[in-house]
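The letter at position 390 of the sequence shown is residue 390 when you use UniProt numbering, and the numbering goes up by one with no holes.
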Amino acid sequence: MTELWRLPAERIAALVRGREVSAGEVLQAHLERIEQVDPLVNALPVRLTEQARAEAAALDSGQGNGNGALAGVPIAIKINTAVAGVPNSNGCPGLATTPAATDSWVVAALRRQGAIVVALANAPEFSLRWHTDNPLHGATANPCAPGRVAGGSSGGSAAAVATGMLPLAHGNDQGGSLRHPASCCGVVAIRPTVGLTPPEGISGSYGSRLFGVEGVLSRSVADNWLGLSAILAGRPDRFPAPPPLPSGLEGRRIGVVTRPGGEVDPEVRAAVERAASILADAGARVEFVDPPGIRDLEQVRGTVVYAETQARWHANRALGDEQTTLRSLSYMESYFPAVDLSGYLAALNRLTELTARWHEFAAGFDAIVGPVATEPPFEIGMDTGDVERAHQVIDSMRFVTAMSAVGSPVAVVPVSTGSSGPLGVQIVAPPWHERRCVELAGLIEAAVGVSEPVDPAGIGVR
1 MTELWRLPAE RIAALVRGRE VSAGEVLQAH LERIEQVDPL VNALPVRLTE QARAEAAALD
61 SGQGNGNGAL AGVPIAIKIN TAVAGVPNSN GCPGLATTPA ATDSWVVAAL RRQGAIVVAL
121 ANAPEFSLRW HTDNPLHGAT ANPCAPGRVA GGSSGGSAAA VATGMLPLAH GNDQGGSLRH
181 PASCCGVVAI RPTVGLTPPE GISGSYGSRL FGVEGVLSRS VADNWLGLSA ILAGRPDRFP
241 APPPLPSGLE GRRIGVVTRP GGEVDPEVRA AVERAASILA DAGARVEFVD PPGIRDLEQV
301 RGTVVYAETQ ARWHANRALG DEQTTLRSLS YMESYFPAVD LSGYLAALNR LTELTARWHE
361 FAAGFDAIVG PVATEPPFEI GMDTGDVERA HQVIDSMRFV TAMSAVGSPV AVVPVSTGSS
421 GPLGVQIVAP PWHERRCVEL AGLIEAAVGV SEPVDPAGIG VR
């Protein structure tokens, strides 16, 4: 049999349900992989080994959900989300001492389906950067591209999945935090429609409710759908079982965006064009388009989010690291216009107008395909260096944040590897059409190949 840690989540769950392997055996295989790999990656800084062993033993003895969709599947939870009995630090030393009283709803949902929580996955402090680094646990390395970021803010989850430490890991996304790490680490993410997965793990701000979602990272499209379906198992009316992926796309119209709001790195553009070619070969009618209002959507979303951040500035300054978090945050705030309350309300009104304009444009297509970031994974430290380079990073995220603003479901699937690391594409469907994202991502994956676990540089040295 293939080593257990190499198996996809759907296969692991089937084996455990069929009593062909035990949850304890699955857990042990992944714990050994974590011990081998994580010293080189730092994706899973908080280990819950004994708790996980107890959960696996309970499942094997018939006390847990041994028939669940994720029976015996080991997972990690992002450090900004509550796990009962564990501090919900969000990467901040000042928040690292008080254990959470209960599981967040998303953790409870995953556990109800038989998942075993093995660790907490790393994230930037307050989950506010596109580079996973914090003063409490340090930086997460990109296992596919040394010297480049693993993405943020769910970078620990993406790196853990990419290296085979886990088949699935939880994340959330307000401004690219599932999609950017997925692209940087060569794995899969699905950002569901806003409102489908209330973002209890992000913050209590209005902006987080407007833009935030919960999801998972995985190496395959099928596993991602499995994880998302498990999260939403209590809402079958909203999220019915997926149909088989079709073999063709005859008659489907796909809009392809290669220059969202400005220039794009040639390797990024080539990845988008490759995805478009795959869909065209499957029968889709592909049309290269220039969608309206991308920079406007980026700006209005940023205005709302960072106006709220400014309102919490005293708390951020008291708790945040000055050389990284606060500097990065100040660069973000200088990129977007400062507003008072009336300006904030005007931005919300403008957001409504721009979102309607986007959906009117997108209604002419079955889906839109475009880049994640407009640049490859950026160099470590670029977002906290000088203001010009930091603004370059923010600008490169304009299409990912614009798609956060419109609230539609988005899948990210890896397409190629450039000179600076993996490159994925975004597949944007109409609201509540997650299955269309899965359909198209699955076709691209079938042509490119499912991501296999990678060994980070230096694994044979230490």
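Just so you know, even glycine gets a beta-carbon here, dropped at the ideal spot from N, CA and C. A quick note: this is a predicted structure, and the numbers were derived from the prediction, not measured.
Taking residue i and residue j to be in contact with their CB atoms under 8 Å, please state how far apart those CB atoms are, rounded to whole angstroms.
i           : j      : result
residue 465 : Pro453 : Past the boundaries of the shown model lies residue 465; the chain is included only from 1 to 462, so the question cannot be answered.
Val369      : Ala276 : 6 Å
Val16       : Gly64  : About 10 Å; that fails the 8 Å criterion.
Lys78       : Ala123 : 6 Å
Trp130      : Gly152 : 4 Å
Trp5        : Ala23  : Actually they do not touch by this definition, with Cβ atoms about 14 Å apart.
Thr193      : Pro409 : 5 Å
When you compare the CB positions of residue i and residue j, do they come within less than 8 Å of one another, or not?
i           : j      : result
Arg285      : Arg253 : yes
Leu44       : Asp38  : yes
Ala405      : Leu232 : no
Val400      : Val413 : no
Ala115      : Ile75  : yes
residue 468 : Pro371 : The structure shown does not extend to residue 468, since the chain spans only 1 to 462, so no value can be given for it.
Leu423      : Glu267 : yes
Asn172      : Leu178 : yes
Glu439      : Ser220 : no
Ala271      : Asn224 : no
Ala9        : Leu48  : no
Flag residue i as yes if its beta-carbon sits less than 8 Å from any beta-carbon of chain D, otherwise no.
i      : result
Leu217 : In the structure shown, chain D does not exist; there is a single protein chain.
What does the alpha-carbon distance come out to for the pair residue i and residue j?
i           : j      : result
Asp287      : Gly255 : First, the amino acid is wrong: residue 287 is Glu here, not Asp. Approximately 5 Å between the Cα atoms of the pair.
Leu345      : Val428 : 27 Å
Arg191      : Leu95  : 27 Å
Leu168      : Ser342 : 43 Å
residue 539 : Ser61  : In this structure the chain extends from 1 to 462, so residue 539 is not present and cannot be described.
Leu40       : Gly381 : 19 Å
Leu245      : Thr197 : Residue confidence for Leu245 is low, a pLDDT of 49 falling below 50, so the modelled location carries little weight; the figure read from the coordinates is stated next. Leu245 and Thr197: Cα-Cα distance of roughly 24 Å.
Leu279      : Ser416 : 15 Å
Pro143      : Ala162 : 8 Å
Asp290      : Ala362 : 11 Å
Gly421      : Glu375 : 11 Å
Leu351      : Thr303 : 10 Å
Indicate the three-state DSSP secondary structure (helix, strand or coil) for residue i in the structure shown.
i      : result
Ala44  : A quick correction: the sequence has Leu, not Ala, at residue 44. Leu44 falls in the coil class under three-state DSSP.
Ile368 : strand
Thr325 : helix
Asn88  : coil
Leu217 : strand
Glu55  : helix
Ala76  : strand
Leu70  : coil
Val461 : Only weak support is given to the placement of Val461: the predicted model assigns it a pLDDT of 36, under 50, and the value that follows is read from those uncertain coordinates. Reduced to three states, the DSSP call for Val461 is coil.
Thr374 : coil
Val286 : strand
Ser334 : helix
Leu245 : Note that Leu245 has pLDDT 49, beneath the 50 cutoff, so the model's placement of it is unreliable and no number is given.
Val428 : strand
Val410 : strand
With a threshold of 7 Å, establish whether the CB of residue i neighbours any heavy atom of the ligand ATP.
i      : result
Thr132 : Ligands in the displayed structure: none, and consequently the ligand ATP is not present.
So within the segment 92-127, which uninterrupted alpha helix (DSSP H) runs reach at least 4 residues, ignoring any that extend past its ends? 105-112
Fully enclosed by the segment 124-208, which alpha helix (DSSP H) runs are 4 residues long or longer? 155-162, 179-185
Can you check the segment 255-303 for any beta strand (DSSP E) of at least 3 residues that lies completely inside it and give the ranges in chain order? 285-288
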